[in-house]
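So the structure is just underneath, and the comments pick up after that.
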Amino acid sequence: MNAAETLAEYAESLPLVDHHVHGALRKAPDRAEFEELLTERAGGNGFDTQLGFAVRRWCAPLLGLEPSADAEAYLAARVALGETEVARRLLAAAGTDTLLIDTGFAAAGLLGIEEMAALTGQRVAEVLRLEALAEDLLAEDPSPSDFLDRFPAALAETDAIAFKSVMAYRSGFDVPAERPSRAALLAALDRYAAAGAGRLTDPVLLRQLQWWAIDAGRPLQLHCGYGDADLDLRLADPLLLTPWLRAVEGSGVPIMLLHNYPYHRQAGYLAEVFGSVYFDVGLAITHSGAASRAVIAESLEVAPFGKQLYSSDAFGLPELHLLGARLWRRGMAAVLAGFVDAGEWELADARRVLALIGRENAVAVYGL
Amino acid sequence: MNAAETLAEYAESLPLVDHHVHGALRKAPDRAEFEELLTERAGGNGFDTQLGFAVRRWCAPLLGLEPSADAEAYLAARVALGETEVARRLLAAAGTDTLLIDTGFAAAGLLGIEEMAALTGQRVAEVLRLEALAEDLLAEDPSPSDFLDRFPAALAETDAIAFKSVMAYRSGFDVPAERPSRAALLAALDRYAAAGAGRLTDPVLLRQLQWWAIDAGRPLQLHCGYGDADLDLRLADPLLLTPWLRAVEGSGVPIMLLHNYPYHRQAGYLAEVFGSVYFDVGLAITHSGAASRAVIAESLEVAPFGKQLYSSDAFGLPELHLLGARLWRRGMAAVLAGFVDAGEWELADARRVLALIGRENAVAVYGL
Amino acid sequence: MNAAETLAEYAESLPLVDHHVHGALRKAPDRAEFEELLTERAGGNGFDTQLGFAVRRWCAPLLGLEPSADAEAYLAARVALGETEVARRLLAAAGTDTLLIDTGFAAAGLLGIEEMAALTGQRVAEVLRLEALAEDLLAEDPSPSDFLDRFPAALAETDAIAFKSVMAYRSGFDVPAERPSRAALLAALDRYAAAGAGRLTDPVLLRQLQWWAIDAGRPLQLHCGYGDADLDLRLADPLLLTPWLRAVEGSGVPIMLLHNYPYHRQAGYLAEVFGSVYFDVGLAITHSGAASRAVIAESLEVAPFGKQLYSSDAFGLPELHLLGARLWRRGMAAVLAGFVDAGEWELADARRVLALIGRENAVAVYGL
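Residue numbers (full-length UniProt numbering), protein chains in the order written: chain A, 1 to 368; chain B, 1 to 368; chain C, 1 to 368.
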């Protein structure tokens, strides 16, 4: 076997830790819902994308069709098998053994943590979304001063293995680094209540949620870069976090920068220069499909190999759980085989880097 | 034939729609003018660039020389054949069948729309540059309140198939998204007159021109990213348009982001998440020559295949009309063959994506 | 021989001019120091990086070990040979013949210019760091008005072949372009003295140092982009220099943008559109190791071939002097061979571009 084959085989056999993922759908989507989940946009043509091509290429055979069967045949096979059987097949083929599940978005339509464990037989743990918890606590009891005690207490008590911030979606990262004052927090909570509560977007509060997460001392995941049209992508450049990363570096709390595209080189730089910063290019691999190898190669430039992780960020469609893993395995094996074939790397080193990024770094950071 | 050969042959045979291009030169350039048109800068060494190498490689044989003939031989052959014959040969070899021609810059030295039709025998249509029209109307009649009626009326009456904004060159995109008030417009027009008219750079007026274009309901092309030294490239990042794209999304007017380099991944993201946003990497392909395949591959990451178009942005030199097409065909075929050879795409899908981006998306958006 | 072999052989034989480099270590580092010099960060795992893999791959054989020997064996071989012998071997194998040495950082622990000349037998010249000179002069004599005369006089008198600014590290580039007034300078110098002198970070003073360098008329090197955690990388985007580059273009003084990663495409654009702007991707090649070919390819997109140079930015470890050159030679040869094999470039042109970037552009700009 040449390097490409050896590494492909090794990559396929590696049980991955998916350190940021969501539940699979509770019930079968119709075609419009299916395409919307592929494109992150209502009304988009989900099949005329890299991701759509990858669904046809890699998921169709797992549903008993030819590779790259057409969209109609694919959707018909999905219906015929039923959502549970589709999920069972695709999640099994993903070849993960651990799922760290973000439960903070659209949870009602998705399988919960225990259900995902039952469906897959894999180890699962919860990633708790800070903004969702804050909104829930404030809905129960809007008293500002109570909230200042109840939120950190809730973080301390939860079983969650990590926290997640979606500040990128709410205010963007171009906000001050320092911890807000108590007076500023109380004023912000008053503004929030006066505005009728709901979606929490005040940067003062969003910043404080992150500081409370740092105090709680568990790994903190931050959505960075690539997402849907709710985002102002420029304000999700992880480099905007630089002053804050400097401020929290002393805490030693692992900061996990998720996705990052098209700022993944920037994320790799942050992972190099800050001891507690880790990153992945999760969602960008799934959505760039056959073109994801360049993204993967760029994620392997300046970042230390101990500072990158695997995630799928799959949401709802089990196709996304499968493709995150499939494209990561194929892309990583191809890129690393390129290094070996060029005479730059040893095969054993390539294998070790695959294991670090696909599994071992997550095991170490999350204490699995 | 392998995938690379099949796709190369198919790409060569595809009649392209060049959805953003300028006229060819009216008379032969001297050497300094020729090199300036290659580099977008006076005094540059136009032949020691990717574009210069591509001219020698691909245009020389069409002028009866060996591939990669030297610069002196190339320029001598140009003179011997005469500008019209050079243009005829190179424009024919470009293999387009439709040219959407921006007539708003340095038009006196270039062939007009009818002359381009006569020279090439191809379908032509005009792209009307908003700023040039505004400057012309204000030169005829500087009355601010008249202008507020005359400009939208002129847009409604023109035969232009699309509009074009060069706000990127004039103010950059870091301007408010909303429609200026009538009072703000009148004040800006007074300032413009008081400053002696001339080049229109006031962001209030530039924004309003775009809003009028939206009202007029034809596709609006925006220069984004890569251009000459008049530009502040950072302020031409299409992501700065995000709030404005959100504001105009409801109109359904197609927004065509041109060039975008080095922010073409950002443009691809905008094309994914906004239903009316389309993009190309036009000028960046011509200028990066042999290295354009990476740019092309990056343009095929997250953007849906129905949202990308072909343009050359060729200006003056018919070499640029030829090379835009030649490099696009070769680069696209090579990149897509890579996906097929990697086992990720089917050949038929690759062929379809070539047709969409090279031709069919433009036919649909512009109603050709 | 095929193109790849021919170009690899030619690249290996080319005597490089390293136009931005530091001295080698005066004494042997311990393991922690060695790894810190690999990662630009204390406590990092220097061997689990592209650079660490490249050290094992390319330096181990020069120390009598197998390629990719393990880290322990490598460090033991280093100790056994002694620092001087290690430096002698690695610097000789780098194959440079000219070193332009930045003496302005941590000079006490590094070999000086004469010592580097003695160790290598190569031509050496000094690159004078503006901020270090200013801090030294102000430490000797803090009088503001004296300094306004003494600093330009010192620039005029020095033997340095070029100047270097680290404004990127001190204030970032988002500062006004114009020359500060005398009053503003005197006020800034008063503030500096009142703050206890030390590290000079006032943007008014940093800007004036650059203007004085322009007045002195020697090439001015600017650190851009990639560096350590002291940097706010976003503020080191060379595009932020655009208004200043426009302001100094008339002087004709060559501006050398160093490193630039991940903004190297932006640097290439500046080198295309500004006649006096040159650039390199120095440090980014060393740190991205086997993945550096993409960075090199991107540096060859829009920039004219007469506007790019070679540098290693090697600091302390002679491994970095060797790897800068080794990875540049291998990467450039592979990328250019790709252009030739694709039928886009002639072999002779590829050879010429290697010579321009590796050597001849530096000879011309610095008048070597």
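Where a beta carbon is used, it is the ideal one built from N, C-alpha and C, also for glycine.
Exposure of residue i, with buried meaning 16 or more beta-carbon neighbours within 10 Å
| i | result |
| --- | --- |
| C/A160 | buried |
| C/G43 | exposed |
| B/P262 | buried |
| B/D48 | buried |
| C/G358 | buried |
| B/G252 | exposed |
| A/S311 | buried |
| A/V248 | buried |
| C/D145 | The sequence given here places Ser at residue 145 of chain C; Asp does not occur at that position. Counting Cβ neighbours within 10 Å, C/S145 comes out exposed, since fewer than 16 surround it. |
| B/D349 | buried |
| C/V79 | exposed |
| A/G324 | buried |
| B/A139 | exposed |
| A/E72 | exposed |
Contacts that residue i makes with chain A (C-beta to C-beta distance below 7 Å)
| i | result |
| --- | --- |
| C/Y226 | Y269 |
| C/H287 | V302 |
| B/D341 | In chain order: nothing, as chain A lies at least about 10 Å away. |
| C/F105 | Simply none; closest approach about 17 Å. |
Alpha-carbon to alpha-carbon, residue j and residue i
| i | j | result |
| --- | --- | --- |
| B/D280 | B/Y366 | 15 Å |
| C/E301 | B/S292 | 7 Å |
| B/C59 | B/S165 | 31 Å |
| B/A158 | B/A117 | According to the sequence as given, residue 158 of chain B is Thr; it is not Ala. Using only the alpha carbons, I get a separation of about 19 Å. |
| B/E115 | B/R57 | 28 Å |
| C/M1 | C/A8 | 10 Å |
| A/G52 | B/A271 | 16 Å |
| C/L186 | A/P152 | 50 Å |
| B/D341 | A/A290 | 11 Å |
| A/Y10 | B/V353 | 33 Å |
| A/L239 | C/A177 | 24 Å |
| A/G338 | A/A362 | 25 Å |
| C/L220 | A/L100 | 51 Å |
| A/S171 | B/E298 | 28 Å |
| B/R246 | B/L222 | 16 Å |
| A/L309 | C/L205 | 43 Å |
| A/D18 | A/A195 | 38 Å |
| A/I113 | A/D136 | 19 Å |
| C/A303 | B/V273 | 32 Å |
| C/L81 | B/R326 | 56 Å |
Collapsed DSSP secondary structure at residue i in the structure displayed
| i | result |
| --- | --- |
| A/A197 | coil |
| C/A290 | helix |
| B/V204 | helix |
| A/M256 | strand |
| C/F34 | helix |
| C/E178 | coil |
| B/V281 | coil |
| A/H264 | helix |
| B/A187 | helix |
| B/A24 | strand |
| A/D232 | coil |
| A/D215 | helix |
Contact set between residue i and chain C, taken where Cβ atoms lie within less than 8 Å
| i | result |
| --- | --- |
| B/G44 | E272, G275, P304 |
| A/L239 | D232, L233, R234 |
Under 8 Å from the C-beta of residue i: neighbouring residues of chain B
| i | result |
| --- | --- |
| C/T242 | D232, L233, R234 |
| C/R265 | Y261, P262 |
| A/Q50 | L300, E301, V302 |
Closer than 9 Å at the beta carbon, the chain A residues around residue i
| i | result |
| --- | --- |
| C/S311 | Neighbours of C/S311 on chain A: none; closest Cβ ~17 Å, over 9 Å. |
| 4 or more residues per run - each alpha helix (DSSP H) lying fully within the region 291-359 of chain C | The DSSP assignment places 292-299, 318-341, 347-355 as complete runs of the alpha helix (DSSP H) inside the region 291-359 of chain C, in order along the chain (cut-off: 4 residues).
| Quick one: complete beta strand (DSSP E) runs, 3+ long, within the region 85-167 of chain C? | Listed in chain order, the complete beta strand (DSSP E) runs (minimum 3 residues) inside the region 85-167 of chain C are 96-102, 123-129, 162-165.
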